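Chemist:
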Amino acid sequence: MSSVDSLDSLLTQLRALADQAQGMKAPAPSTGSEGDFANTLKGVVNSVNDLQAKSSALQSQFSSGDQSVSLSQVMVASQKAGLSFQTMLQVRNKLVSAYQDIMNIQA
Numbered sequence: 001m002s003s004v005d006s007l008d009s010l011l012t013q014l015r016a017l018a019d020q021a022q023g024m025k026a027p028a029p030s031t032g033s034e035g036d037f038a039n040t041l042k043g044v045v046n047s048v049n050d051l052q053a054k055s056s057a058l059q060s061q062f063s064s065g066d067q068s069v070s071l072s073q074v075m076v077a078s079q080k081a082g083l084s085f086q087t088m089l090q091v092r093n094k095l096v097s098a099y100q101d102i103m104n105i106q107a
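Here it is in structure tokens:
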């Protein structure tokens, strides 16, 4: 759940930056603590990596015949990892787009 919270925080920061770029006053973030953007991004990437590693480990255990791992556990872990990766990919795409927009602004 921490990766979802981190992504929500990241999206809030992105929206605030987009509003500022359009000349509008950005609303204050709803969270009480404003973390460093780089640390937030690093935390999200690490969370996604952890989910993918857990999914891979469960797949290996299931493939080797480990009776303590069910197919449903493997599928849920795989879907969580895939969804978190796709979300991170979309956030990355938005960051690149925002960066390109900022670079195209003429002073």
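FYI, the numbering used here numbers position 57 of the sequence shown as 57, with every residue one higher than the one before it. Ideal Cβ placement from N, Cα and C applies to all residues, glycine included. The structure presented is a predicted model; accordingly, all values stated were derived computationally and were not measured.
Can you name, in chain order, every residue of its own chain whose Cβ lies under 8 angstroms from the Cβ of THR40, other than the five neighbours on each side?
Modeler: Hits under 8 angstroms: SER6, SER9, LEU10, GLN13.
Chemist: Hey, quick one: how far does the alpha helix (DSSP H) through SER44 stretch, first residue to last?
Modeler: Residue identity check: residue 44 is Val in the sequence provided, not Ser. Segment 37-63, the alpha helix (DSSP H) holding VAL44.
Chemist: If LEU58 sits next to ALA77, beta carbons under 8 angstroms apart, how far is it from one beta carbon to the other, in whole angstroms?
Modeler: 5 angstroms between Cβ atoms; contact.
Chemist: Since PHE62 and VAL74 should fall inside the 8 angstroms C-beta cutoff, what is the C-beta to C-beta distance between them, to a whole number of angstroms?
Modeler: The pair is a contact, with the Cβ atoms about 5 angstroms apart (cut-off 8 angstroms).
Chemist: Can you tell which of ALA38, ILE105, VAL48 has the C-alpha that lies nearest to the C-alpha of GLN79?
Modeler: When each option's Cα is compared against that of GLN79, the closest is VAL48.
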